[in-house]
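Listed in order, the protein sequences are those of chains B and G.
If you read the first sequence in our numbering, its first letter stands for residue 1, the second for the next number, and so on.
If you read the second sequence in our numbering, its first letter stands for residue 456, the second for the next number, and so on.
Think of the CB as a built atom: it goes at the ideal place given N, C-alpha and C, for glycine as much as any other residue.
Encoded as structure tokens, the structure appears first; notes follow it.
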Amino acid sequence: MRKIVIFLLVFITGGAFSQNKQLLYDFAELPQTLLLNPGANTSSKFYIGMPLLSGISFNFGSSGFSPRDIFEDNNVSFNDKVSTVLQGLNNRDHLMLNSQIEVLNVGFRYKKNTFFSFGFYQEIDGILYYPKDLITLATEGNANFLNKSFDFSQLNYNFDVTGVLHFGINKRINKKLTVGGRFKIYSSAANLRSTNNSGTFTTIEGTNTIFTHRLENINLAIKTAGVIENDEYIRTPNTYLKNSFFGSNLGVGIDIGFTNKISRQLEISVSLLDIGFVSYKENIKNTTAQGNFAFEGLDFDFSDPNRDYWTELDENFRANIPFNENDTTPYTALRPAKLNASLKYSFKEVRNPYCYNDDFKDYYKHAVGGQLFSVFRPLGPQFALTGFYETAFTRNIKAKVTYTADRYSFYNVGAATSFKLWKINFYALVDNILQFTDIAATNGLSAQLGFNLIF
Amino acid sequence: MTLRKIVSFLCLLFLFSCLNVDDLDFNQTKDYSSKPSYSFSLTNFNIPSNLFVAAVGATDIRELSQNSNLGFFENRFIQNNLTKVDFQFAISNGINKKFIVEVVFLDGNGNIVARLEDLEAEANSPETTFLRTISVEENPAIKNIISVTVTIKLENTTATVLPTDIGEFNFKSATTIYLDTRNN
């Protein structure tokens, strides 16, 4: 019976976690921490995790507004609420989502000081910066915005569905220093991307006309890979699933990291993740437009009654701003690299009374410290700063509390706990606890839990 | 003591049982409508007086006319959400004759779906502005506009422009279309 229960638990794992994993980072020597820092300290001999159907975790962040700002059931008209939100946005406000599902995660110790791990996970990662000017142009028009230049560079988004095969090595160099690296192969199932756009649309009072309209320095590119085939959207989920396992749009990347004990109680750790790229070659469909164009109205010529003014306008526009909907040029995109850095001070040592027993090493009951997280996005890096307190209730029951300040919240309190019963480990992490009583007002949310088998 | 700490911590951890989203109403999205308005130049021209002077022995020229498609009116989104159209005109008449400008809008079969009130340009008049408005409520047929015909004609149907009536007729026009997505 015990074997059946363990077998089932092996297939239930907490392999799903959010993007800024400040709770999970360097916590309780969980196997998943090696994916956040390949140079993390680890003392287990072997671990295994398997897919969890109910263990999908999801993280989203929205700067600029929360669901309550728009959907609160009050006496304010929906249009007014949307208008207020739009007016309050700036061009760095964005919507972000990230979800990872761990399909396989295995690790084993080789001799005393080397630990190998490998596995496969699927990741959905997306960011959309709100193009305020374009939203204004769509919802209000240009009639009340003479002399305003609507900026097309605000169009910025990237959305990826990727399968990641990884292999890592963790090496304890000496009692103070542990280093590690992880090699990754990315297989993209779908990519939608539009970045580095430029151009403006401006309406001014004309000199010889009522209005002059200018499209200037237009350089737009909307790229897709793996989404459209033979001019039709791919609608079969199996195709996306298959392409996340060594499809044609592949890339490579590495994670590197280290942990260094400055003293017995003070430890620093740093990791760089997803330093890599993906080359998109198959099922590419890009739409591009470049050029300049000015329009002052149809110039009637009464000496020629047979002119087709509208067709001439269309041809003139296309000649000045060539518009290509069938561009299939392959492209390469960098993965969103991440930086983690932590300084941890441990105190209240618990000594092993059995000096001859190497199974139980000495450990510290409490730790405090700070963590820095950064992810590199199209408009620049995003940062989060975390202060934390960790405690070990017992050797097998540990907890961590964090306070994080980032773009989404200045009062993000999180909590994590890890239990180990025999070889079975269970952990649970909850972020933004203070907002759970009013989840509608939150700008970010994440929660995750999981099981490991650790030997 | 350790057990009490653990239980307290778990209570904190599972505080999410107090999730509250009852006061959100996502059905409000069906109430959303935007009312954008788009302004752009329409047609412009300068007519020198000699275009109204007929060659010797030819028929007198008392009017000139031009037609053009207005492709933006064929856009399905605009057709479905159009509520009103404003037309702005700025006319200066440097010719020593009074002119009337007639603006009519036609559908795909060449039928007139809307005709604006005539614009009058006095002889030797400086730039004068005009505003004409058509609402869909009063004239639903404007949703079928395909083209516009602009005709400049002498008010006095018996008069002609003489070679000595040297000058220029200047015409500028723009339109503002008003949409309401609630109509969709």
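| Check | Outcome |
| --- | --- |
| If you follow the alpha helix (DSSP H) that residue 28 of chain B is part of, which residue opens it and which one closes it? | Where residue 28 of chain B is concerned, there is no enclosing alpha helix (DSSP H), given that its DSSP letter is neither H nor E. |
| Do you know how far the Cα of residue 194 of chain B is from the Cα of residue 330 of chain B? | 14 Å |
| Interface residues of chain G around residue 376 of chain B at Cβ under 7 Å? | Within 7 Å Cβ-Cβ: nothing; residue 376 of chain B doesn't reach chain G, min ~31 Å. |
| Of all the options B:171, B:175, B:127, B:178, which has the alpha carbon lying nearest to the alpha carbon of residue 159 of chain B? | B:127 |
| Just verifying my parser: in three-state terms, what is the DSSP assignment at residue 504 of chain G? | helix |
| Under 7 Å Cβ to Cβ from residue 131 of chain B, same chain only, skipping five residues before and after it: list those, please. | 154, 155 |
| Going by DSSP, which residues form a beta bridge with residue 461 of chain B? | In the structure as shown, chain B begins at 1 and stops at 455. Residue 461 of chain B is therefore absent and cannot be evaluated. |
| Going by the DSSP bridge assignment, what does residue 208 of chain B pair with across the sheet? | Answer is none; residue 208 of chain B lacks a bridge partner. |
| In the region 511–525 of chain G, which residues sit with their C-beta less than 9 Å from some C-beta in chain B, listed in chain order? | 519, 520, 521, 522, 523, 524, 525 |
| If contact is defined by three or more beta carbon pairs under 8 Å, each pair taking one atom from either stretch, is the region 506–520 of chain G in contact with the region 599–609 of chain G? | yes |
| What residues match up with residue 324 of chain B in a beta bridge as DSSP calls it? | B:288 |
| Are residue 202 of chain B and residue 149 of chain B touching if we call contact CB-CB under 7 Å? | yes |
| Check whether the Cβ of residue 506 of chain G lies closer than 7 Å to any Cβ atom in chain B. | yes |
| Where does residue 526 of chain G sit, in a helix, a strand or coil, going by DSSP? | helix |
| Can you list, in chain order, the residues of its chain with a C-beta nearer than 6 Å to that of residue 576 of chain G? Leave out the 5 residues immediately preceding and following it. | 546, 548, 554 |
| What is the rounded straight-line gap between the Cα of residue 191 of chain B and the Cα of residue 493 of chain G? | 33 Å |
| Mind listing, in chain order, the continuous alpha helix (DSSP H) runs of no fewer than 4 residues lying wholly within the region 255–320 of chain B? | 309–320 |
| Along chain G, in chain order, which residues have C-beta atoms closer than 8 Å to that of residue 218 of chain B? | Under the 8 Å cutoff, chain G gives no residues; its nearest Cβ is about 17 Å from residue 218 of chain B. |
| Please return the same chain residues whose Cβ sits closer than 8 Å to the Cβ of residue 456 of chain B, not counting the five positions on each side in sequence. | Since the displayed chain B opens at 1 and closes at 455, residue 456 of chain B lies outside it and no answer follows. |
| Please list the segments of the beta strand (DSSP E) lying wholly inside the region 101–172 of chain B, counting only runs of 3 or more residues, in order along the chain. | 114–129, 149–151, 156–172 |
| Can you name the residues of chain B whose CB is closer than 8 Å to the CB of residue 500 of chain G? | 299, 300, 301, 302 |
| Give the single residue among B:420, B:24, B:306, B:449 whose Cα lies nearest to the Cα of residue 428 of chain B. | B:449 |
| Taking 8 Å as the cut-off, does the region 273–288 of chain B touch the region 507–516 of chain G (at least 3 CB pairs, one atom from each stretch)? | no |
| For residue 389 of chain B, which of helix, strand or coil comes out of DSSP? | strand |
| Which residues of chain B have a Cβ atom closer than 7 Å to the Cβ of residue 618 of chain G, listed in chain order? | Ordered by position in chain B, no residue passes the 7 Å Cβ test against residue 618 of chain G, which lies about 17 Å from the chain. |
| Of all the CB atoms in chain G, is at least one closer than 7 Å to the CB of residue 422 of chain B? | no |
| Give a yes or no on whether the C-beta atoms belonging to residue 248 of chain B and residue 257 of chain B are separated by under 7 Å. | no |
| Any contact between the region 230–246 of chain B and the region 303–319 of chain B? By contact I mean 3 or more CB pairs, one from each, below 8 Å. | no |
| Between the alpha carbons of residue 325 of chain B and residue 306 of chain B, how many angstroms are there, rounded? | 32 Å |
| Out of B:45, B:82, B:280, which one is the CA nearest neighbour of residue 69 of chain B? | B:82 |
| Can you tell me the Cα-Cα spacing of residue 112 of chain B and residue 172 of chain B, whole angstroms? | 9 Å |
| According to the Cβ coordinates, are residue 419 of chain B and residue 397 of chain B closer than 7 Å? | yes |
| DSSP on residue 88 of chain B, reduced to helix/strand/coil? | helix |
| With DSSP collapsed to three states, give me the class of residue 176 of chain B. | coil |
| Give me, in chain order, the residues of the same chain whose beta-carbon lies closer than 7 Å to that of residue 573 of chain G; leave out the 5 immediate sequence neighbours on both sides. | 555, 556, 557 |
| Considering only the alpha carbon of each residue, which of B:263, B:209, B:199 lies closest to residue 292 of chain B? | B:199 |
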